[in-house]
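Trainee: Got a structure here, written out as structure tokens. Questions coming.
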Amino acid sequence: MRRFVPLLATVIACTGPAQVDEAACADICAGKTGGASTDGAGSGGGLVLSAFEEQILADTVNDMRQGVRPFDENSLGICPKGDNPRRCDTMMGANPGELPEGEYILYGSFMVPNVGERGTWKVKNVVECEVTRTLPDGTVKTDTRDPWEREYEVVYAGQERGYTLSPLRRITSPGKNGAESCTFKIIAPHPDGEKVFEGSWSVPAAPE
């Protein structure tokens, strides 16, 4: 599949969305790709795909344009922690609200485009939390924690399963340092703009 990369670059530059660099497109579509011409090349020098080429490449181009995304509707969110933290037996969703007492994980499994060399596709997990606690004098104090970030390299894992990143975060309810309200963002860089998937959870404060 990776042998299609130069041709895919040409297809996207000439037929892709408006965000593609026009100067690069001009060079490519003028035939300055360094490769030999094919039967699909038009008389004006621009790239014209044959019906056969379109049939072969259409799914790959569409896959690449979608970028990294959750494998399905149950592949990104909060799960009760089981014996194997790389599995999610009960998906509670991306926004489960306040979590009952117990141990949980932030779980993610992703469909990755089947094109590009290793290192082409990445995701970043960003978690931000506010912690609210009651001081001995009865004052309620809320602290905003610095965002926690980590980047991961992801690769194509097949059509039947996603590339799993888990646990993306370990969560304990109740919170020993106070009530916690957290948000997460899974950010997938993409030439057409970042793909962002968001969610949130909260836990109550542990009894004193």
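For what it's worth, our numbering labels the leading residue of the sequence shown as 154, then goes sequentially. Positions of the beta carbon are idealized from the N, C-alpha and C atoms, including for glycine.
1) Can the beta-carbon of Val293 be found less than 8 Å from the beta-carbon of Thr213?
2) Mapping DSSP to helix, strand and coil, what is Met264?
3) So the beta strand (DSSP E) Ala359 belongs to, where does it begin and stop?
4) Starting from the Cα of Ile231, find the closest Cα among Asn237, Gly346, Arg222 and Thr243 and give me that residue.
5) If we count the other Cβ atoms within 10 Å of its Cβ and call it buried at 16 or more, is Ala211 buried or exposed?
6) Have a look at the DSSP bridge pairing and note the partners of Ala341.
7) On a CA-only basis, which of Phe350, Leu259, Val307 and Arg303 is nearest Pro320? Give me that one, please.
8) According to DSSP, simplified to helix, strand and coil, what is Thr292?
9) Put Ala211 into one of helix, strand or coil per three-state DSSP.
10) From the DSSP output, read off the bridge partner residues of Tyr316.
11) Within the same chain, show all residues whose beta-carbon is closer than 8 Å to that of Pro249, passing over the 5 residues directly before and after it, in chain order.
12) Could you give the distance in angstroms between the alpha-carbon of Arg322 and the alpha-carbon of Gly346?
Mentor: Based on what the coordinates show:
1) no
2) strand
3) Run containing Ala359: none; DSSP gives neither H nor E here.
4) Thr243
5) exposed
6) Lys348
7) Leu259
8) coil
9) helix
10) Phe263
11) Gly230, Ile231 and Trp354
12) 25 Å
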